[in-house]
Ligand SMILES: [Zn+2]
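Next up, the structure:
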């Protein structure tokens, strides 16, 4: 049931016309060279000022269309990426999120508007990627009602169906070799350093043949029922990630209490 050798998906988050041009452009040759069919998580109407890294790219939407035509899967990445709701998500990795805790009527309206904006730009969104992993049962109901039946999130090693939606797991934020399972590597182009680009290039050089696509994963695993062992694995993986994030925050707080302040840079 858990595929061996491992299969990988590549996902790029926070794509919108103001994505850092300099950083995003570094990944495009890799997609091309290795024939990768990534998940492109696109924000329909970005209002998050932290994601305004470049002046709006007039070619952004046509670039997304071209990538989709070459096999990428377009994901709806929230609506405006404004994380103003304080609520426990089904994947509790952040306190503040855009969707978790918001009424189902409002969530459905945001999802409908978001899908309409992406479709208006000639895209065919087929997947949901929640900003900051923030979603609840209402989100799943709203997604189903709007015809989206798959999302990218969770810590299992195979897709699982919950709330009538197929969760394709997303467990990595950098390339890591695994022996078995489906692993999604999530990259944030806005903050990705040169070293990550080189690390990804090296990993693709070794493992390109193990990279798959959302279509293939859904065809292979849709409706998979997971047993107790996999559920336990998933829960432990979630706890590990929460603990690692907690440690990272503690380390940052210690640095700050010692006078460290991250430099504020004006980005192109
Ligand atoms: Zn995001």
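Residue numbers (our numbering): 73 to 340. Every residue gets a Cβ at the ideal spot worked out from N, C-alpha and C, and that includes glycine. Predicted, not measured: the structure shown is a model, and the values here were computed from it.
Supposed close pair residue i, residue j - CB separation, criterion 8 Å
| i | j | result |
| --- | --- | --- |
| residue 197 | residue 169 | 19 Å between Cβ atoms; not a contact. |
| residue 140 | residue 227 | With a Cβ gap of about 27 Å, residue 140 and residue 227 do not count as contacting. |
| residue 151 | residue 186 | 5 Å |
| residue 255 | residue 272 | Actually they are not in contact, since the Cβ atoms of residue 255 and residue 272 sit about 13 Å apart, beyond 8 Å. |
| residue 220 | residue 200 | 5 Å |
| residue 247 | residue 275 | 4 Å |
Closer than 6 Å: residue i CB and nearest ligand 1 heavy atom
| i | result |
| --- | --- |
| residue 213 | no |
| residue 116 | no |
| residue 86 | yes |
| residue 261 | no |
| residue 203 | yes |
Residues bridged to residue i (per DSSP)
| i | result |
| --- | --- |
| residue 88 | According to DSSP, which records beta bridges pairwise, residue 88 is partnered with nothing at all. |
| residue 258 | 83 |
| residue 234 | 237 |
| residue 158 | 168 |
| residue 200 | 148, 223 |
| residue 99 | Residue 99 is not bridged to any residue. |
| residue 283 | 80 |
| residue 244 | 257 |
Residue range of the unbroken alpha helix (DSSP H) whose run includes residue i
| i | result |
| --- | --- |
| residue 311 | 300–329 |
| residue 279 | 266–279 |
| residue 140 | 132–141 |
| residue 214 | 209–217 |
| residue 177 | 176–192 |
Among the options, nearest to residue i - alpha-carbon criterion
| i | options | result |
| --- | --- | --- |
| residue 261 | 78, 125, 80, 109 | 125 |
| residue 281 | 109, 90, 73, 98 | 109 |
| residue 112 | 263, 135, 239, 130 | 135 |
| residue 143 | 284, 163, 310, 218 | 284 |
| residue 266 | 80, 73, 94, 77 | 94 |
| residue 235 | 149, 207, 309 | 207 |
| residue 222 | 315, 118, 287 | 287 |
| residue 225 | 163, 318, 251 | 163 |
| residue 301 | 229, 84, 86 | 229 |
| residue 88 | 82, 312, 73, 148 | 148 |
| residue 189 | 117, 217, 319, 98 | 117 |
Range of the contiguous beta strand (DSSP E) that encloses residue i
| i | result |
| --- | --- |
| residue 148 | 145–148 |
| residue 238 | 237–240 |
| residue 111 | 111–114 |
| residue 223 | 222–224 |
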